[in-house]
Every structure is written in C-alpha cells, then in structure tokens.
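S.K.: The numbering of the sequence shown is the working numbering, which starts it at 197 and goes up by one.
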Amino acid sequence: MLNLPGAAPASPIISLFFKAIYGYMLDGGKDMGHFGFSYIGLLFLLLLFIPNIIWTKKKPEGYTADGENPVLRLFEHIGQVFVCCCSLIFSDFNFLD
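1. In angstroms, rounded to a whole number, what distance separates the CA positions of Phe245 and Phe291?
2. Measure how close the beta-carbons of Ser283 and Phe240 come, nearest whole angstrom, since I'm counting them as under 8 Å.
3. Going along the chain, which residues of its own chain have a beta-carbon closer than 7 Å to the beta-carbon of His273, five neighbours each way excluded?
4. Tell me the DSSP secondary structure of Phe291 in three-state form.
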C-alpha cells in the first residue's frame, strides 16, 4: 500500500491507481522495466485507437493531409510505433503483479 510521509494511509484503490500511473517510480524507479504483456497498455491503446478509427470512417469532406510537413509526419509515426511497443511489452503498468 502507498503511504506518503506525513499523510494518512491511502486506500488500496488509490494505491493501485498510483502504481498503474507511475509504475514503481515512487520507489526510486529501481523496479522499472519488467518485460511482459501489459493489459493496461492495451486498454490505453484501445482508448486512443477507437476514436481515430471512427474518425477515418467519417472524415470531413474535402480533408487532405497535403499541407503537413513530411518530417513531422515521420517523427509522429516513429513515436506512435515506439509508444505502442513500450505500452504493450512493459508490464509495470498492470494493477496486479
């Protein structure tokens, strides 16, 4: 359970929330980077992808991506791949060990 100095003891739900969001960074970050499937990462990715899929089905008429900077688009795609991989292969965000 998460107990901060000078604060009342936290409930187990709040403790799980902090563990899910911050991983083990409250412990100095020494326990970060455990490989394994992260179902919380999958949930976050679904929350990101579902609205984007709906938007691609109902694009505004006349929309084109012609004016976008190709370098920025490349960096965006590299970042998307990196975030997707990291959110799925590190199990530090899971609620239960």
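Glycine included, each C-beta is placed from N, C-alpha and C at the ideal position.
M.R.: According to the data block:
1. Stepping through the sequence shown from its first residue, residue 245 is reached at position 49. Stepping through the sequence shown from its first residue, residue 291 is reached at position 95. Roughly 22 Å between the two C-alpha positions.
2. Residue 283 sits at position 87 when you count from the first residue of the sequence shown. Residue 240 sits at position 44 when you count from the first residue of the sequence shown. Between Ser283 and Phe240 the beta-carbon gap is near 6 Å, inside 8 Å, which marks them as a contact.
3. Here the question's residue 273 lines up with position 77 in the sequence shown. Only residues of its own chain outside the window of five on either side were considered, and among them none has a CB closer than 7 Å to the CB of His273.
4. Position 95 of the sequence shown, counting from 1, holds the residue named residue 291. Here Phe291 sits in coil by DSSP.
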